[in-house]
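Engineer: Questions regarding the structure given below will be posed in turn.
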Amino acid sequence: MNANKLRKILLVDDEVGFAEILRELLVMDGYEVVLVYDGQEAIEQLNVFVPDLIIADVMMPQIGGLELYHRIRQNPTFSKVPFLFISGFEDSRILKDIHDDELFGILSKPIGIEQIQKSLAKIFRD
């Protein structure tokens, strides 16, 4: 049994094609993945799903990744859940806003599976 099977990921991205491919890759690597397409859906999903990691796009309709991050960090249940941003551009606002949080990372699109695997291995190292 793959050790990743116990790890739960909430994936939040409004780019449907990219998100579905990423979900499939993560599932093939043994993760349990719940996929939603915007920040509001992510907040609603947190009522029924407690992830070990949240992966979110920065730019999304309604509630973007940065606002989602801040809302989640205000909830004690999720304040220590690692958060990985994915973005098509490097946004210095993110770095400025949350640079003191050791539980976050940023990956720039396009993202290769090896890059994702390295990031997840680092986040989930025991």
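The numbers in my numbering rise by one with no breaks, and the one at position 1 of the sequence shown is -9.
From the three backbone atoms N, C-alpha and C, an ideal C-beta is built for every residue, glycine too.
Quick caveat, the model's predicted, so the values are computed rather than measured.
1. Expressed to the nearest angstrom, what Euclidean distance is found between the alpha-carbon atoms of G95 and D47?
2. Give the straight-line distance between the Cα atoms of M(-9) and F68, rounded to the nearest whole angstrom.
3. Report the partner residues of S98 according to the DSSP bridge assignment.
4. State the CB to CB distance for the pair K99 and I113, rounded to an integer number of angstroms; the pair is presumed to be in contact (CB under 8 Å).
5. Is V103 buried or exposed, if buried means 16 or more other CB atoms sit within 10 Å of its CB?
6. Whether or not the region 56 to 63 and the region 12 to 26 are in contact is what I'm after, with contact meaning three or more pairs of Cβ atoms, one per stretch, closer than 8 Å; do they touch?
7. Helix, strand or coil for I113 per DSSP?
8. Under the rule that 16 or more other beta-carbon atoms within 10 Å means buried, what is R(-3), buried or exposed?
9. Out of L12, S109, A9, G29, point me to the one whose CA is closest to Q52's CA.
10. Just to confirm before moving on: does the CB-CB distance between I45 and L1 stay below 7 Å?
11. How many Å lie between G55 and F73 at the Cα?
Structural biologist: For this structure:
1. Each residue's Cα considered, the two are about 12 Å apart.
2. Residue placement at M(-9) is flagged as unreliable, the pLDDT there being 42, under the threshold of 50; the coordinate-derived value follows with that caveat. Between M(-9) and F68, the C-alpha separation is close to 27 Å.
3. As computed with DSSP, S98 is found in a beta bridge with S77.
4. That pair is no contact at about 18 Å.
5. Per the sequence presented here, residue 103 reads as Ile, with Val not at that position. Classification for I103: exposed.
6. The answer is no - the region 56 to 63 does not touch the region 12 to 26, with fewer than three Cβ pairs under 8 Å.
7. In the displayed model, I113 falls within a helix according to three-state DSSP.
8. Answer is buried; the Cβ neighbour count reaches 16.
9. By alpha-carbon distance to Q52, the top candidate from L12, S109, A9, G29 is G29.
10. Closer than 7 Å, so yes.
11. In this structure, the CA atom of G55 is about 10 Å from the CA atom of F73.
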